[in-house]
Structures are given as C-alpha cells and as structure tokens.
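> Taking the working numbering, the leading residue of the sequence shown gets 3, the next gets one more, and so forth. C-beta: ideal position from N, C-alpha, C; glycine also. A quick note: this is a predicted structure, and the numbers were derived from the prediction, not measured. Sharing a structure here in structure tokens format.
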Amino acid sequence: MPENRYRYKTKSGYIGLKINETIVAIEQDEFSFDKSHEEIISNRNNWDYTIKNKNIIIVDRDKSPLKSRNDNFEKSGTGYAEQNLNERPIFHGTDNQSLIIGDEFYLGYEDESQLDYFINKYNLLSLNEERGTAFETKFRHLSISQNKEVDFFDLVELTENEKWISSLEPNFTIIVSKNNETKPLNNKISQANLDLINVPQAWNRTKGDNNIIVAILDIGVRSTHESLKGKIVNGWNTFNNNNNTQPGNSESHGTACAGIIAGSHNAGKIKGIAPNCRIMPVKVAETSNSIPGDWVFTTESLKNGIIRAYENQASILNLSFWHPEHDVVSAAIDDAVTFGRPYTGGLSNGCLIIGAAGNEGKPNVNYPANLKPVIAVSATDTNGSFKVKPDWGSNYGQEIEISAPGELNYSIGSQNDSDYILFEGTSSAAAIVSGVAALVLSMQEDLSLSELKGILLNSPSTGIDDHKMGRGLINAERAVDSRTMT
C-alpha cells in the first residue's frame with residue numbers, strides 16, 4: 003500500500019492529496035434539509051457551510067453528528083445505511099481552496115476492449131454526458147456509487163498495475179473561500195492603468211468588433227448592468243445545467259471581468275478595453291448557501307464550460323481560477339485550441355485561452371494557467387512593476403508569458419445595474435489581456451492562434467523575459483499596430 007492512500011492518477015503520474023484534519027463533509031442522496039432527519043436539523047446551528055445542489059454540508063469534525071457512530075476517518079465514502087449518509091474527508095487545495103471527492107470520476111483509457119470488463123468488475127455506473135471530440139475516445143465518466151465495498155481511492159490502488167488505464171481522476175467539488183479581489187469603491191474612479199498600457203492610443207485604430215466574442219468562465223455575469231447592455235450573447239450555466247448565468251449573492255468577480263473587457267464607453271463610469279466586442283457568460287461556479295463570497299464548482303462544470311464556449315463561437319476564453327491538475331480539463335483545453343474559431347473547409351484557427359497566475363505570491367503558476375496552450379498572466383502594480391505582498395502578490399514561474407496591471411483596476415459590480423467596484427488581482431490582469439486580444443482580433447479576425455499569441459507577446463516595449471513578468475507589460479497600442487501583424 004502506498005504511504006499516502008489519498009492520491010489520484012494522471013498521465014504524468016500520481017498526485018497526492020493532503021487531508022484537512024479540522025473539517026469534514028457530510029453528504030446524502032436525495033436529501034431535504036428542511037423536511038427530514040430531525041436529529042440533524044435540530045443541531046443545524048453546528049453546520050458551517052452548505053453547498054447548493056450537491057446535498058453536502060461541511061462542518062467542523064468535532065461537530066459531526068456521525069462522530070459518535072464512527073470516529074475512524076481513514077476511508078472516504080463510509081456508508082451510514084440507516085440514514086443514507088456519507089462522511090467524506092476534505093483535502094487542501096491552494097491557500098484558499100478545499101477539495102471534496104465523491105463517487106464520480108473520469109477513467110482515461112488506451113484499450114477500449116477493457117471497458118466493459120472494468121465497469122462490470124467494480125460494479126460501476128457509466129454516466130452519459132456531453133463530450134468534446136477528445137472525450138469520445140479517451141475518457142469515460144463513471145460513478146462508484148453502486149459499489150459499497152470500495153471507494154475511489156481503493157480503486158486507484160487496485161488498478162495500479164492496469165497498464166491500459168492512463169488516468170483515474172475525481173470529479174472534484176472545489177470550494178473557493180471568500181475572495182478579496184473585488185471591493186466596494188472608497189475613492190474616485192481612475193483608469194490610469196489603461197494609460198499605462200496605451201489603451202487610448204489603441205482606440206484610435208479600433209474599439210473592437212461585435213463578431214469577436216470573449217467567453218468568461220466564472221461565477222456569472224450581471225447581464226443587465228448599464229455598461230453591458232447589448233453586449234451579452236447567450237451563455238450557459240454548466241454547474242446547474244440551465245441558462246441562468248446571473249451571479250448568485252451579487253458576486254461581482256465575473257461581472258468585473260466583463261466590464262474590464264467590454265464595458266460600454268457610452269454608459270456608466272468606466273471604459274472597457276474592447277467595448278464593441280461581446281461577452282459570453284459561462285457560469286461554471288455557484289455561490290455557497292451560507293457564506294457570501296465563497297464559490298463552489300466541479301471538474302465537470304469547468305470541463306463542460308470550456309467545451310460550451312468553443313463550440314458556441316467564442317474566440318477568447320478568460321479563465322481566472324485554480325483547479326487541481328487534471329487530464330480531462332487539459333483535454334478540453336486542447337480541444338478549444340484545436341477546434342475553436344472554425345472557418346471554411348472544416349479548419350480552425352483555435353481559441354485563445356487566457357489564464358490568471360494566482361494571488362498567493364508564490365513561485366507556482368496556478369493550473370490551468372500553467373498549461374502550454376494557455377497564456378499565463380501575472381500582475382503588476384500601478385507603476386508597471388511586478389506586484390508583491392504584503393496585501394497580495396502575483397504568483398510567478400517559468401510559465402508566465404506576459405503581465406498586466408492588477409492593482410487599482412476599476413470595473414462594474416453585481417449589486418445593482420449601476421454598481422462600480424475596485425477589482426484587483428491576477429484575475430483583473432488576465433481580463434486586461436483578454437480585452438487587448440479582442441482588439442487585435444477585431445483588426446484581423448483570421449489570425450492563426452500562433453500569430454495572435456505572437457502579436458500579444460511581442461507587444462511589450464521592455465524587452466525582458468523572466469519568470470515574473472514573462473515578456474513584460476502588455477502594450478495595447480503596439481499590439482494593434484499594423485507593423486506588429488505577422
């Protein structure tokens with residue numbers, strides 16, 4: 003048995019998980035918190051956190067109503083048949099994220115002839131779902147819920163010598179603790195950062211084109227905001243599988259990204275970088291029931307969001323969050339850069355994907371921003387220097403390709419249709435790069451992906467190339483100038 007049973011398998015090897023010793027998840031199928039299990043409801047003041055649509059409550063371990071029944075937490079998915087309850091460990095993610103692993107997982111395989119035997123041997127349930135091209139032949143979405151004898155981690159151990167299995171990866175449920183990137187305004191709005199990267203000069207050439215669509219994979223976008231009227235194309239909510247892309251609990255993160263990218267010049271208090279381009283809200287995350295500002299999303303919602311965006315003609319995908327390394331997500335990104343932006347003859351130019359490096363001030367670029375197909379963006383301060391703590395600092399590493407201002411960016415919020423906020427962090431920096439990329443594509447829509455990347459990465463005038471700022475601070479004027487077109 004491996005030293006750490008809490009691990010999963012990717013093509014690149016096994017990835018260990020560190021258990022959180024202080025909190026635990028209680029899960030129940032078909033559960034109504036309002037109408038059943040009087041014992042639990044009577045102690046509801048002990049619950050710290052509930053997750054919409056997932057029938058999960060997170061609680062301090064010593065408050066668990068199951069503690070008196072079972073104090074052994076070494077196995078996840080321990081069944082309590084009399085109440086149909088499962089107690090699942092919670093694992094550490096980044097500084098502000100936690101991971102829950104349930105019954106669903108993805109099998110990556112190389113020999114399709116083995117699938118039926120594998121499914122039958124472990125009494126697995128095969129789940130039907132939409133898949134991108136790569137998923138048709140490489141992955142199968144399965145559940146171990148019918149098997150009461152083993153859990154996901156047992157399955158990883160039992161199949162260690164099965165060479166035809168390339169990966170066994172959970173459908174993670176990921177909790178993002180309250181983020182501080184969006185803040186109420188406490189002073190006069192300034193968009194000096196746009197001057198810092200020469201956006202007004204770029205506007206002399208273009209303010210965008212409505213054929214260019216930027217997908218924002220996030221917590222939702224307030225489409226009725228005065229600065230976004232007429233700019234929203236139909237998106238999708240891949241967390242709840244419906245068309246409601248409005249942010250819950252007035253969460254502003256996705257809305258703020260939209261304002262930076264395409265906020266109107268004719269309404270409101272801020273100017274977006276590419277105001278004539280359009281926004282596709284792809285809501286991959288939901289807010290928690292109990293703690294305003296906290297998000298919940300899953301591997302499935304993120305993967306399906308990427309597929310939804312590129313299949314519905316988004317040219318640029320803006321990603322501003324962390325996920326554990328995962329072959330299924332990587333495959334969806336590969337699909338987007340391979341099959342996105344199709345043109346005549348069944349060929350494709352490929353979607354541009356922009357990723358935020360992260361705000362922990364660490365020498366680790368967050369996944370999926372660290373993937374080769376993604377442009378990883380770090381943040382600078384208002385002087386154009388790399389942003390460091392004490393309040394927050396940009397992550398850095400060899401995957402960083404370009405930087406943009408991440409301090410004192412102003413944008414729109416979700417409290418009401420005329421809400422304006424301060425938006426900081428590498429998420430705001432990534433949105434700036436997405437906006438500049440939208441201007442470039444507006445000038446020349448048929449650019450190949452390599453040409454588009456080359457234009458963006460050659461735009462900085464500083465000429466540096468390091469692990470903190472990549473090629474340097476993006477320059478919108480140089481990016482849209484015809485002399486940089488290759």
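Hey, how far is the Cα of PRO186 from the Cα of TYR422?
7 Å
> THR175 bridges to which residues according to DSSP?
ILE102 and THR300
> Looking at the secondary structure, which residues open and close the alpha helix (DSSP H) in which ILE318 lies?
Premise fails: ILE318 lies in the beta strand (DSSP E), 318-321, not in any alpha helix (DSSP H).
> Report the three-state DSSP secondary structure of ILE466 (helix, strand or coil).
coil
> For ASP448 versus TYR345, is the C-beta distance shorter than 8 Å?
yes
> Apply the 10 Å Cβ neighbour rule to THR24 and answer buried if 16 or more other Cβ atoms are within range, or exposed otherwise.
exposed
> Check whether the stretch 315-335 and the stretch 219-226 are in contact - that is, three or more C-beta pairs closer than 8 Å.
Yes, the stretch 315-335 touches the stretch 219-226.
> Using the beta-carbon count (16 or more within 10 Å), is GLU76 buried or exposed?
For GLU76, the predicted model reports a pLDDT of 43, less than 50, meaning its position is unreliable; a value from the coordinates is still stated below. With fewer than 16 other Cβ atoms within 10 Å, it is exposed.
> Nearest to PRO172 by CA position, among LYS190, PHE141, ILE191 and PRO202, is which residue?
PHE141
> Give me the Cα-Cα distance between ARG9 and LEU19, rounded to the nearest whole angstrom.
6 Å
> Please confirm whether LEU126 and ILE146 have their CB atoms less than 8 Å apart.
yes
> DSSP beta-bridge partners for ARG142?
Its beta-bridge partners are LEU109.
> Below 6 Å CB to CB, which residues in the same chain sit around LEU410 once its five sequence neighbours on both sides are set aside?
THR384
> If I measure Cβ to Cβ from ALA161 and keep anything under 6 Å in the same chain, skipping five residues before and after, which residues do I get?
Note on residue identity: the sequence assigns Thr, not Ala, to residue 161. Taken in chain order, the residues that qualify are ILE167.
> Taking the straight line between their C-alpha atoms, what separation do you get for GLY79 and VAL178?
Since pLDDT at GLY79 reaches only 43, below the 50 mark, its modelled position is unreliable, and the value read off the structure follows with that caveat. Whole-angstrom Cα-Cα distance: 22 Å.
> Go through its chain and collect everything with a Cβ distance to GLU84's Cβ below 8 Å, but skip five positions before and after it.
Confidence at GLU84 is low in this model, with a pLDDT of 41, below 50, so the placement of that residue is unreliable and no value is reported for it.
> Assuming GLY427 contacts ASN361 under a Cβ cut-off of 8 Å, what Cβ separation, rounded to an integer in Å, is found between them?
5 Å
> For MET282, list the residues DSSP reports as bridge partners.
ALA217
> Give the range of the beta strand (DSSP E) segment to which THR257 is assigned.
Careful: THR257 lies outside any beta strand (DSSP E), inside the alpha helix (DSSP H) at 255-264.
> Taking contact to mean 3 or more Cβ pairs, one atom from each stretch, closer than 8 Å, check whether the stretch 399-414 and the stretch 239-252 are in contact.
no
> Since ARG90 sits in a beta bridge, which residues does DSSP pair it with?
Within the DSSP bridge table, the entry for ARG90 names ALA27 as partners.
> Please classify PHE241: does DSSP put it in a helix, a strand, or coil?
coil
> Have a look at GLY415 and GLU228 and give me their C-alpha separation to the nearest angstrom.
GLY415 and GLU228 have their C-alpha atoms some 11 Å from each other.
> Hey, ASN57 and GLU89: beta-carbon distance below 8 Å or not?
Not a contact, by the Cβ cut-off of 8 Å.
> For the stretch 260-268 against the stretch 225-240, do three or more pairs of beta-carbon atoms, one drawn from each stretch, fall closer than 8 Å, so that the two count as touching?
yes
> What separation, rounded to the nearest whole angstrom, lies between the Cα atoms of SER70 and ASP64?
Low local confidence applies: a pLDDT of 40 at SER70 is under 50, so the model's placement there is unreliable, and no value is given.
> Using a Cβ-Cβ cutoff of less than 7 Å, which residues in the same chain neighbour THR331 once the five nearest sequence positions on both sides are dropped?
Residue 331 is actually Val in this sequence, not Thr. Correct list, in chain order: THR301, LEU304, LYS305, HIS325 and PRO370.
> Does the stretch 115-126 come into contact with the stretch 194-204, if we say contact requires no fewer than three beta-carbon pairs (one atom in each stretch) closer than 8 Å?
no
> For SER254, which of GLY95, ILE21 and ASP296 has the nearest alpha-carbon?
ASP296
> Output the distance between the C-alpha atoms of ILE466 and VAL379, rounded to the nearest integer angstrom.
One C-alpha to the other measures close to 15 Å.
> Starting from the C-beta of GLY94, find all residues in its chain whose C-beta is less than 8 Å away, skip the five residues before and the five after it, and write them out in chain order.
It is His, not Gly, that sits at residue 94 in the sequence shown. The answer, listed in chain order, is LEU19, LYS20, ILE21, ASN22, SER100 and LEU101.
> How many angstroms separate the CA atom of GLN400 from the CA atom of LYS470?
Spanning the two alpha carbons is a distance of roughly 8 Å.
> Starting from PHE425, trace the beta strand (DSSP E) in both directions and tell me its first and last residue.
422-425
> Per DSSP, what kind of secondary structure is GLY18 in: helix, strand or coil?
strand
> May I have the straight-line CA-CA distance separating ILE214 from LYS150, to the nearest angstrom?
50 Å
> Enumerate, from N- to C-terminal direction, the unbroken alpha helix (DSSP H) stretches of 4 or more residues contained entirely within the stretch 317-397.
329-341
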